Amino acid sequence: MIVFRDVISKNAIAKELFRKTLIIDGFTSYKCYDIKEHANSLIELIDFALQQIHNSTKIVQDRCMQLGATHSNTCEHSMSSSWDQFGDSLAEAITKAEAIRGKRKCLQAWNVLLSFLVDRIKSGYLAECKRRASKKTSRQENAGPSSSSLTSTFLKYDEQTTNEPNAYH
Numbered sequence: 001m002i003v004f005r006d007v008i009s010k011n012a013i014a015k016e017l018f019r020k021t022l023i024i025d026g027f028t029s030y031k032c033y034d035i036k037e038h039a040n041s042l043i044e045l046i047d048f049a050l051q052q053i054h055n056s057t058k059i060v061q062d063r064c065m066q067l068g069a070t071h072s073n074t075c076e077h078s079m080s081s082s083w084d085q086f087g088d089s090l091a092e093a094i095t096k097a098e099a100i101r102g103k104r105k106c107l108q109a110w111n112v113l114l115s116f117l118v119d120r121i122k123s124g125y126l127a128e129c130k131r132r133a134s135k136k137t138s139r140q141e142n143a144g145p146s147s148s149s150l151t152s153t154f155l156k157y158d159e160q161t162t163n164e165p166n167a168y169h
C-alpha cells in the first residue's frame, strides 16, 4: 500500500483518479478498486510472475497487458506519466526493503522484474486507449466530416513505450 500512497502523493492525476473511484463506487454497482485492492492485485501479479518464471514471458506479458487495458477507462486523463511514477515508486520501495538491502544482485533482479511488469501494464493501457480512440474516431467520421480534425489528436501514440522496457530508479 505504501507504493500506491507514494504515487498518489506525487502524482495529481493518480490522486484524482483514486478519489473519483471512491466516489463512483458509492453510486454504482460496478467494482472499483481502492488502494488496498490495488496493492493486493499487485501482490497477486508478482506472485503469478514468480510462479511462471520458468515458462514463456508471454504468459505474464499477456496478463499485464490485460491489467493495463482494464485501466483504459481513464484514457482522458493520460495516465502515461502515472505508470512511470508507479514504476519509480516500486523501485524506491524495493531499495528500502530490509530483506534486499545490501544484496545488489537481488535488488537488480527485483528491478528487472518490476520494470517488466510495469512496462507491460503501461503498454496494455496505451494499446487499449489507442484502440478506443481509433474506434471513437471511426464513429465520428461516420457521423460527419467535422470529426476529421480530431483524428490527429486521438491517434498520438508513443511507440517506444511498447517496444522497450524502461528502467525505473
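full-length UniProt numbering applies: residue 1 is where the sequence shown begins, and numbers increase by one.
Just so it is clear, CB atoms sit at the ideal spot from N, CA and C, and this is done for glycine as well.
It should be emphasised that the depicted structure is a prediction, and the values quoted were computed from it without experimental measurement.
Query: Simplified DSSP state of S9, which is helix, strand or coil; Result: helix
Query: Buried or exposed (CB count within 10 angstroms, at least 16 for buried), R101; Result: exposed
Query: K58 (DSSP reduced to helix, strand or coil); Result: helix
Query: DSSP three-state assignment for I53, whether helix, strand or coil; Result: coil
Query: Inter-residue Cα distance where the pair is L114 and S138; Result: 36 Å
Query: Span of the alpha helix (DSSP H) around D84; Result: S80 to K96
Query: Proximal residues to L117 (C-beta, below 8 Å), its chain only, five neighbours per side dropped; Result: L45, I46, A49, V60 and C64
Query: Beta-carbon proximity check, A39 vs G124, cutoff 8 Å; Result: no
Query: Residues near E37 by beta carbon distance below 6 Å, same chain, minus five either side; Result: none
Query: Straight-line gap, R132 to N55 (C-alpha atoms, nearest Å); Result: 31 Å
Query: Nearest residue (CA-CA) to K96, options F86, G87 and L107; Result: L107
Query: Sub-8 Å separation of L126 and S81 beta-carbons; Result: no
Query: Expected contact under 8 Å - CB spacing of D6 and S89 to nearest Å; Result: 4 Å
Query: Distance between N111 and D119 (C-alpha atoms, nearest Å); Result: 12 Å
Query: Inter-residue spacing [alpha-carbon to alpha-carbon] between R104 and F86; Result: 22 Å
Query: Whole-angstrom distance between K10 and Q52, CA atom to CA atom; Result: 32 Å
Query: Whole-angstrom distance between W83 and E92, CA atom to CA atom; Result: 14 Å
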